[in-house]
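Read through the structure below, which is laid out as structure tokens, and then see the notes.
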Amino acid sequence: MEAILEGISLSLSASALTGIMVGIILGQLLGSIPGLTAAMAVALLVPFSFYFDPWVGIPMMLAMFKGSLFGSSMPAILLRTPGTPAAAATVIDGNPLAKSGKGGKAMHTVLYASVFGDAFSDICLILGAGMLASIAIRFGPSEYVVLILFALMSLVSLNHGSSWKGIISILLGMLISCIGLDPITGTERLTFGNLELFEGIGLIPMLIGFLAISEVFSQLEQPIRNLGEKAITFSKRREDNRLSGTERRALLPTLLRSSAIGTVTGALPGLGSTVAAFIAYNEARRTAKNPKEFGHGSLHGIAAPEAANNAVSGANLIPLLAFGIPGDVAAALILGALLIQGIVPGPLAFRDNPVPIYAIFSAMLLANIVNYVIGLGFIPLAKKMVSVPKRLLFPAVLVFASAGAYAMRGSLFDVQLMFGFGVMGWLMSKFQFPTVLLVIGFILAPILERSARQTLIIVSASDGWFAFVTSRPVLMILLAILAILTVIIIRQRMVMSRYVSAQ
């Protein structure tokens, strides 16, 4: 208790609070710039953390991570341009709500969900790091395979349009992810001798192209006189620019479920906030009373991915602090900062450095409050940024999008890819192929391939499939759930087909 109280007092010091505020402000600003991922924002502070005490430098990095996840959702809602890949799922319902004049309500929903998911995962980290880490450590490559298959099947079953269009989009995304060098053998795949493709297709150029550039191309189809209109107009009604108490209470089940999904996903090394956001969105849509509202401006469709991707920010420290295993790139950067400060994460960290650890925990909770307060001031600023005519805004979007695509690897080829994917996304939208499913397939395919090949290697070295499966109870449970889900999806599709035929 003495160490806990001392840690809290350190986190309340002027230097620690200043570090948190600076981190939040920089995170929200950098996160709103397309192409600058949350991990890249954190990486900017790593060299400076050496000059601060651990209860100042580490919370500043965590605050920047939290702020960037919220900031990245502002352009996702207003411009259909996610600042980071984790905000891609927010586009699905956030942008339609903004186009209907309720952009203020959408942004307040993002802020509420972001802080809720952050606080939920931080509390889970503080109270149950050891227990959650012991569960996460049981997930091997085979469990990842089943988990991702579960996510892909859920996506196909929840697609509004034709199932075959959804399947083609996912498969196309998985095919594009294969471009580059084989992750195990190092042989070329689908590069056609182009050296620029050896590193594969970057996620940032693809995201910006499919979501932002394709939208610009769609706007260019409109009559010239429409380009003088504002890109986004905001309703003058007070209820359209705020989140009421009734709406906050109605979102609580979705927030709790999505935060739990984000916490578990963040505790599993390698998945990250983008995967958590899409899994939570699909689960919210599956359990919704009226799933047809999703994709047209549902508040639950905004709250679910935001709560999940922000819950990862605390959960990815669970395997880091419990075992010294970073959950994602941001956690790996924080691991480096901890080692610089002389703190070695692992089972002995709480014994050897209890005061700095508890100071960091306390500062993480304070960062959520600061994120909410500063976010309330960031929302009016975001409104003014898009209150300009389309003829001025969309060229600016093209400039920022090009800069974001270039910044990732410093390659003009990525800018060309971005415009190529923009044309592809525009054509897919015209023929009603879901572009978001292609993006999800692209994100999940590398994890699925790596896990599947690792599983095959492990099975070949064991006594066969039966012995392998029966020796892993978690895998058996996941396989049973996958089988049940498959039956449910097939039955739903058969019922839907009969209904359509009868009509």
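Our numbering puts the sequence shown at residues 34 to 536.
Quick reminder that beta carbons are idealized off the backbone N, C-alpha and C, glycines included.
Keep in mind that this is a model prediction, so the values were computed, not measured.
Take Thr519 and list the residues in its own chain whose beta-carbon comes closer than 8 Å to its own, dropping the five residues that flank it on each side. Met186
8 Å Cβ cutoff met for Glu232 and Gly206: no
In terms of DSSP beta bridges, what is Gly213 paired with? Arg222
Within the continuous alpha helix (DSSP H) that includes Leu450, where are the two ends? Leu445 to Lys463
Counting Cβ pairs, one atom from each stretch, are 3 or more of them under 8 Å apart for the segment 337-346 and the segment 148-162? yes
Let me confirm a value: Leu285 is counted as buried when at least 16 other C-beta atoms fall within 10 Å, else exposed. Which label applies? exposed
Leaving out the 5 sequence neighbours to the left and right, which residues in its chain are closer than 7 Å to Phe327 when beta-carbon positions are compared? Asp126, Arg318, Ala321 and Gly334
Euclidean distance between Cα positions of Glu316 and Ala396: 31 Å
Is Ile209 close to chain C, meaning its C-beta is less than 8 Å from at least one C-beta of that chain? Absent from the structure: chain C. Only one protein chain is present.
Measure the Cβ-Cβ separation of Gly90 and Ala364 and say whether it is below 8 Å. no
With 16 other CB atoms within 10 Å as the buried threshold, where does Ala415 fall? buried
Close Cβ partners of Pro479 (< 6 Å) along its chain, the five nearest in sequence each way excluded: Ser210
Test item: CB-CB of Val430 and Leu112 under 8 Å: yes
Contact under 8 Å by Cβ, Gly458 with Phe243: yes
Using a 10 Å radius around the Cβ and a threshold of 16 neighbouring Cβ atoms, would you call Asp447 buried or exposed? buried
Just how far apart, CA to CA, sit Val55 and Ala96? 8 Å
Quick check: what's the CA-CA separation for Val33 versus Ala300? The shown model of the chain, from 34 to 536, leaves out residue 33, and the question about it has no answer.
Could you check which residue in Ile159, Pro129, Leu63 and Ala146 has the C-alpha nearest to that of Pro352? Ile159
Given this structure, state the Cα-to-Cα distance separating His18 from Phe103, to the nearest angstrom. Beyond the ends of the chain as shown, which are 34 and 536, falls residue 18; an answer cannot be given.
Measure the CB-CB distance between Val472 and Ala121 and report whether it falls below 8 Å. yes
Quick check: Ala438 and Ile241, are their CB atoms within less than 8 Å of each other? yes
First through last residue of the alpha helix (DSSP H) which encompasses Gln61: Ala47 to Gly64
Collapsed DSSP secondary structure at His329 in the structure displayed: coil
His235 to Pro174, Cα distance in whole Å? The sequence shown places Gly at residue 235, rather than the His named in the question. Cα-Cα distance, rounded: 24 Å.
Could you check what DSSP says for Lys135 in three-state terms: helix, strand or coil? helix
Ignore the nearest five residues each way along the sequence and tell me which others in Pro378's own chain have a CB closer than 7 Å to its CB. Leu353, Leu354, Gly357, Leu368 and Leu371
According to DSSP, simplified to helix, strand and coil, what is Ile234? coil
Specify the secondary structure class of Leu38 as computed by DSSP and reduced to three states. helix
Using only CA atoms, which one of Trp88, Leu62 and Leu59 lies nearest to Gly375? Trp88
So is Ile523 buried or exposed if we call it buried at 16+ other beta carbons inside 10 Å? exposed
Look at Ala498 and Val492 and say whether their C-beta atoms are less than 8 Å apart. Just to set this straight, residue 498 is Trp in the shown sequence, not Ala. Taking 8 Å as the Cβ cut-off, Trp498 and Val492 qualify as a contacting pair.
Which of helix, strand or coil does DSSP assign to Phe433? helix
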